[in-house]
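Protein chains in written order, with our numbering: chain A, 3 to 296; chain B, 36 to 321. Just so it is clear, CB atoms sit at the ideal spot from N, CA and C, and this is done for glycine as well. Working notes, structure below.
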Amino acid sequence: MVHTMAERVWQRRLILALLLAPALLWLFALILLPHVQLAVLALRERVAPHVFQPSLAQFKTFFAEPLYWEVFVRTAFMSIVATALTLLVAFPIAWVITKVARGRASAMLFMVCLIPFWVSETVRALGWLILLRESGVLPAILVKLGLAAVPPELLYHDATILVGLVYTSLLFMVTPLVSSLESLDNSLIEAAYDLGASGFATLRKIVIPHAAPGITAGCIVVFMLSLGNYLTPNLLGGKNSQWFTELIYTQFIVRFNWEQGAAFGFLLLGLSTAIVAVGLRLSGQRFVDVMRRS
Amino acid sequence: MIASLPRPAWLRTATVLYVAAFLIFLFVPLVVVGVFAFNNANYPAPPWHGFTLDWFTGSAATGRVGLFHDPDLLGSIWTSVTVAFWVTILSVTVGTANSFLMERHQFPGKQALSVLMLVPLVIPGVILGISILSFSSRVAELADDLFGLDLDFLRPGLPLVVLGQFSYIATIATLMISARLKRFDTTLEEAALNLGASQFAVLRTITLPYLRPALIGSAAISFIMSFENFNTTLMLVGSDSPLTVMMYGRMREGASPVLNAVSLFLMLASAGLALTLMRGSAAQNK
């Protein structure tokens, strides 16, 4: 098994080429080129059957039609609210997991947070449907307790969509929060306490700055997932959901207007990218690190 | 406040209450789904009409078609399993190759490639779906125009669903496998090479066994993510619906407890998978 130097270099190059091939095939054929094609679609206009010319018509339609950009703004706003709520709900739990509970209890609580992730989103939505709809469990309980005369319809409200989104996103917030709080040295909190800092001051001056990378990572992921969600707003919000992904689906699959659908797709992608960039800028982190963390 | 500091009684109580409320929030939807799979009524809603197994075992003869006699639902479970199988094979294979590429080799453009590999995670699933749909139709069109070839697999259908899911699950597999390969002590490989083992023998007897937990873990995660995927699948699906799409369609028509039965079945299956994995990783860490 004696290799000459030249043979070894050649062998190493061959291995490199063999390893590069699947990566390049994957990224070019399934990510880059499809997005180029999507851009081509978004930036052209059908002037006659099978005749197209470059144009910004689809984007003009978006701005000219109030329904479209209202749904766009609404989706962005609701996703921001959902992200903030998820952070508020998840932070105390992450705190209990890392700082209050010990040993087995802490590990158990963390495991429990992961459970909804193991269950399909369809199943989670079905659970909320059965709980919240007019003939569902919660309205029946409200009537029984005398809090409502007739069963109220709890579905098809914005709040319902938010509940569904928070429920679906919790895991993606808890995980990065736990990993960033774990690395916070307890003696820092003890020192702050000994020096007379209030709980709030400790939170603001020590805990939050330390957990900032985890908070950013969690918020970015949750925001993206909410923005791109289809199932939860659609099933829990019904006709009132008005989620931007539904517009994309309608243009692409129902109306077969791929040009318009592609333009909507790029608007959604642009919004999602912009928010991620702002989040990274605000917290001064690198994309690669954030993705590795979450 | 942390456990080592004095906490007032109200704070302790509040903590316990919060955790309890959180657990209720987390579990009530899942429990409700499971419970109503056994309700003796045609609609998954209160009140409770007594226990029945109709929604599992019922057939057309009993008037209630249960899960085990519903060929559409059973077929869609099988479709999902088939899709998930191929996505898993592809993702773990490409993920392993990527890990070796990124951890063991230097080449121009490596930095750019490593960023590019993460990009699929930040593209919304719906957009992955429509971009792959429009690109594959374009390729099919070109093949037809230029060579008169009819490439059926590029039309919406299961092959496209597999590719669509693979396009982002590959990133997750790559991250999981790379994380373990990074911690590998390369002196072990050097020792084996010095003792006269071939490159291939080293890979087979040392490196791959070391990577085994990551390979199994990423396979399980790939399988689950594929099985649960909805957004990308919805855009690429043809006439055979995987389970999530099938369930969505049925839920829009109006729920029947047979959906609860499928869901319970899914929950048990993934709980089983999760427990097996946890036991596996606990054994590894010993």
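Where His52 of chain A falls, given that 16 or more other Cβ within 10 Å makes a residue buried: With fewer than 16 Cβ atoms within 10 Å of its Cβ, His52 of chain A is classed as exposed.
Contacts around Ser171 of chain B, its chain only, beta-carbon distance under 7 angstroms, and the 5 residues preceding and following it disregarded: Excluding residues within five positions, the ones whose Cβ falls inside 7 angstroms are Leu189 and Leu195.
Run of the alpha helix (DSSP H) containing Arg15 of chain A, from where it starts to where it stops: Here the alpha helix (DSSP H) through Arg15 of chain A covers Met7 to Trp28.
Assigned secondary structure, Phe258 of chain B (DSSP; H/G/I helix, E/B strand, else coil): When secondary structure is reduced to three states using DSSP, Phe258 of chain B falls in the helix class.
Simplified DSSP state of Arg257 of chain A, which is helix, strand or coil: coil
Chain A contacts from the region 89-116 of chain B (Cβ-Cβ distance under 9 angstroms): Taking 9 angstroms as the cut-off between beta carbons, none of the residues of the region 89-116 of chain B comes near chain A.
Residue interval of the beta strand (DSSP E) (run including Gln55 of chain A): Val53 to Pro56
Cutoff 6 angstroms; reference Asn266 of chain B; Cβ partners in own chain excluding five residues on either side: Gly160 and Val161
Alpha carbon of Gly281 of chain A to alpha carbon of Ile222 of chain A, nearest angstrom: 7 angstroms
C-beta atoms of Met260 of chain B and Ile165 of chain B nearer than 7 angstroms: Here Met260 of chain B is not near Ile165 of chain B, since their CB atoms are 7 angstroms or more apart.
is_contact[Trp130 of chain A, chain B] using C-beta, thresh 7 angstroms: yes
Residues of its chain near Leu153 of chain B, where Cβ-Cβ distance is below 7 angstroms and the 5 sequence neighbours each way are ignored: Correct list, in chain order: Thr206.
Option in A:Tyr195, A:Gly166, A:Gly263 and A:Phe79 with minimal Cα separation from Gly240 of chain A: A:Gly166
Inter-residue Cα distance where the pair is Asn188 of chain A and Ile255 of chain A: So the two alpha carbons sit approximately 54 angstroms from each other.
Coarse secondary structure for Val197 of chain B, derived from DSSP in three states: helix
Residue nearest to Leu29 of chain A in terms of C-alpha spacing, selected from B:Thr279, B:Thr311 and B:Ile204: B:Ile204
Nonlocal neighbours in the same chain, by C-beta distance under 6 angstroms from Ser115 of chain B, ignoring five residues either side: The answer, listed in chain order, is Phe262, Pro277 and Leu278.
DSSP three-state assignment for Arg48 of chain A, whether helix, strand or coil: Correct three-state label for Arg48 of chain A: strand.
Reduced DSSP secondary structure (H/G/I, E/B, other) of Asn231 of chain A: Look at Asn231 of chain A here: in three-state DSSP terms it is coil, with no helix or strand label.
Within chain A, partners of Val63 of chain B - CB distance below 7 angstroms: Leu133
Start and end residues, alpha helix (DSSP H) containing Arg106 of chain A: Gly105 to Trp120
beta-carbon Ala55 of chain B near the ligand GDP non-hydrogen atom, thresh 6 angstroms: Among the components modelled here there is no ligand, and therefore nothing to report on the ligand GDP.
Three-way DSSP call (helix, strand, coil) for Phe86 of chain B in this model: Three-state DSSP puts Phe86 of chain B in a strand.
Below-7 angstroms beta-carbon distance, His212 of chain A vs any chain B residue: no
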